[in-house]
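Report on one structure; see the data block that follows.
And the structure:
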């Protein structure tokens, strides 16, 4: 397996671990810790559109320069077009997600334990 799929697995595993750890009430000692996490999650979400765009470009390039085949009756070009559109849509959603996480981060920056 090349480095790219392995890195995808690591990203998925990191989110799974965050899900596991943050389900407990004692996940954070104060809002500043959550604020740091939200800053990191904002950065992560901001980087996803670039990644998805690069995946879409790779797919389009492979379709243009190699012989891809489909395992069903759908035309390869239709599959590539649909997948590319879905990746672009996901990139737009990731931009909105990043903005929303950052908004939460900015609000949380004003909190502290009394």
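Numbering (my numbering), first residue to last: 43 to 156.
Idealized CB from N, CA, C, for every residue including glycine.
- Residues 104, 118 of the same chain have their beta carbon placed closer than 7 Å to that of residue 110, with the five preceding and five following residues left out of the count.
- Residue 150 is a Cβ neighbour of residue 76, given a cutoff of 9 Å.
- Under the criterion of beta carbons closer than 8 Å, residue 60 and residue 147 do not qualify as touching, at roughly 15 Å.
- At the C-beta level, residue 139 and residue 54 stay beyond 9 Å of one another.
- The stretch 64-112 contains, as complete alpha helix (DSSP H) runs of 4+ residues, the segments 73-107 (chain order).
- Rounded to whole angstroms, the separation of the alpha carbons of residue 57 and residue 123 is 29 Å.
- Taking every protein chain shown into account, the CB of residue 94 has 16 or more other CB atoms within 10 angstroms, so this residue is buried.
- Bounds of the alpha helix (DSSP H) holding residue 134 are 118-150.
- Contact between residue 141 and residue 90 is ruled out by a C-beta separation of about 12 Å, above the 8 Å threshold.
- With 16 or more other CB atoms across the displayed protein chains lying within 10 angstroms of its CB, residue 98 is buried.
- Spatial neighbours of residue 102 in its own chain (CB-CB distance under 7 Å, excluding positions within 5 residues in sequence) are listed in chain order as 122, 126.
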